[in-house]
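This report concerns only the one structure given below.
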Amino acid sequence: MKKLLYITMLLGGMLYLNPTRAQVSVNINIGSQPLWGPVGYDYARFYYMPEMDVYYDVVHRRYTYYHGRKWVTRASLPSRYRHYDMYRTYKVVINDRDPWHRHSHYHKQYHRHRSNYSQVVLRDGRGRYDRDDKHYKKGRDGYHKHDRRDKGHKHRGRHGRDDD
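Take the working numbering: the final residue in the sequence shown is number 196, and no numbers are missing along the way.
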């Protein structure tokens, strides 16, 4: 009888205890990236667009750009950026906090990509990507990997020299 009483008290006490819950935070924002974002990244905090010198906050969906004498953050770009095509302009994924504070570093490192229009975006990627996405060519049924060197064309190497 004593055992039954102890078991009942133990089970009753378990019902009143608050269970502890483990909190796991996984930071993957695949669904929140805009369709004009580059393929090949499971997480992107910011995009830097060297053609415009603009940062896009993927999480909060806001643009940060230089206006007057300071950086401003807005939900949309001003009219001076209207002629830029977000699907064509090159995007650099940056996972730093407030990257515009190191703008001179990013500008110096990525300004050479201002005229690079070969980047595949999520809208057109169809799930096929490579970190070196310039090797994808659109065909009748989506993007396929190709190598221009196989067709007798010269290929610009990583340092701007022609590779044969």
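Glycine included, every Cβ here is placed at the ideal spot set by N, Cα and C.
These numbers were taken from a predicted model, which means no experiment stands behind them.
Exercise for review: Could you tell me the distance, in whole angstroms, from the CA atom of ASP89 to the CA atom of PRO82?
Suggested key: 15 Å
Exercise for review: Could you tell me the boundaries of the beta strand (DSSP E) in which ASP74 lies?
Suggested key: No beta strand (DSSP E) contains ASP74, which DSSP labels as neither H nor E.
Review point. To which residues of the same chain is LYS35 closer than 6 Å at the C-beta, ignoring the five residues directly before and after it?
Key: none
Check your understanding: So what does ASP89 bridge to, in DSSP terms?
Key -> PHE78, ARG94
Check your understanding: Going by the C-beta, is LYS35 closer than 8 Å to any heavy atom of the ligand SAM?
Key -> Ligands are entirely absent from the displayed structure, and the ligand SAM is therefore not among its contents.
Practice item. Please state if the CB of VAL71 and the CB of GLY157 are separated by a distance shorter than 9 Å. Key: yes
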